[in-house]
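Peer 1:
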Amino acid sequence: MKKILIATHGHLASGFLSSTQLLTGQVQEITVINAYVDECDFEQELKVFVNQVNEQDQIFVFTDLFGGSVNQKITKTFLEKEIAVTVLSGFNLPILLEIVLATKELTNEDVQTLVNKCQQELKMTIIDEVHEVNEEEDFF
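All residue numbers for the sequence shown refer to full-length UniProt numbering, where the first residue is 1 and numbers rise by one.
This is how it looks when you write it as structure tokens:
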């Protein structure tokens with residue numbers, strides 16, 4: 001069974017959960033940890049998640065910052081428990097959606113392909129001139 005943990009500094013994780021629910025309707029396998037906010041005991045919530053997984057689960061953990069405190073604690077915890085996990089740090093919504101919507105067990109190669117694909121979703125658009133809009137010719 002696929003298990004997903006989204007753990008971030010502040011409420012970013014809940015925002016990703018909200019967007020995922022809106023776009024897919026699928027959130028039953030997702031656990032969220034909003035670390036370092038008043039009502040959150042990050043380490044306790046992580047312990048609860050870890051205790052709910054088993055060897056047959058395919059576990060994906062999404063963290064906001066590679067090398068950040070959330071990422072470090074999660075990595076250390078899974079290493080200590082000797083639990084196989086795929087950690088995706090600095091993630092975006094496209095990679096989360098790809099993993100959530102995957103219908104088969106993903107190999108490491110599959111995940112790397114998705115990472116490469118979703119990295120291409122990061123785009124920069126510069127709007128530096130104002131043009132008069134011709135509604136018949138312009139899409140937007």
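In this text, a Cβ means the ideal position worked out from N, Cα and C, and glycines have one as well.
(1) Spatial neighbours of S2 within its chain, please: CB distance less than 6 angstroms, with the 5 preceding and 5 following residues excluded, ordered by chain position.
(2) By the 10 Å Cβ neighbour count, where 16 or more other Cβ atoms means buried, how is L108 classified, buried or exposed?
(3) On the premise that V85 lies in contact with F91, defined as a C-beta separation below 8 angstroms, what is that separation, rounded to the nearest angstrom?
(4) With a Cβ-Cβ cutoff of 9 angstroms, do F42 and V70 count as a contact?
(5) With DSSP run on the structure shown, which of helix, strand or coil describes T125?
(6) So, using beta-carbon positions, are L17 and V32 closer together than 9 angstroms?
(7) By the 10 Å Cβ neighbour count, where 16 or more other Cβ atoms means buried, how is N34 classified, buried or exposed?
(8) Excluding the 5 residues preceding and the 5 following I99 in the sequence, name in chain order all residues of the same chain whose CB lies nearer than 6 angstroms to its CB.
(9) With distances taken between CB atoms, is the gap from I74 to L46 smaller than 9 angstroms?
(10) Taking the beta strand (DSSP E) that K2 falls in, what are its first and last residues?
(11) Tell me where the alpha helix (DSSP H) around N108 begins and ends.
Peer 2: Result, derived from the coordinates:
(1) Per the sequence presented here, residue 2 reads as Lys, with Ser not at that position. Excluding sequence neighbours, K2 sits near E29, Q58.
(2) With the sequence shown as reference, residue 108 is identified as Asn, and Leu is not the correct amino acid for it. Per the 10 Å Cβ criterion, exposed.
(3) The Cβ separation is near 14 angstroms, so there is no contact.
(4) yes
(5) coil
(6) Yes; because the gap between Cβ atoms is below 9 angstroms, this pair is in contact.
(7) buried
(8) F60
(9) In contact: I74 and L46 (Cβ atoms closer than 9 angstroms).
(10) 2-9
(11) From DSSP, the alpha helix (DSSP H) with N108 extends over 108-119.
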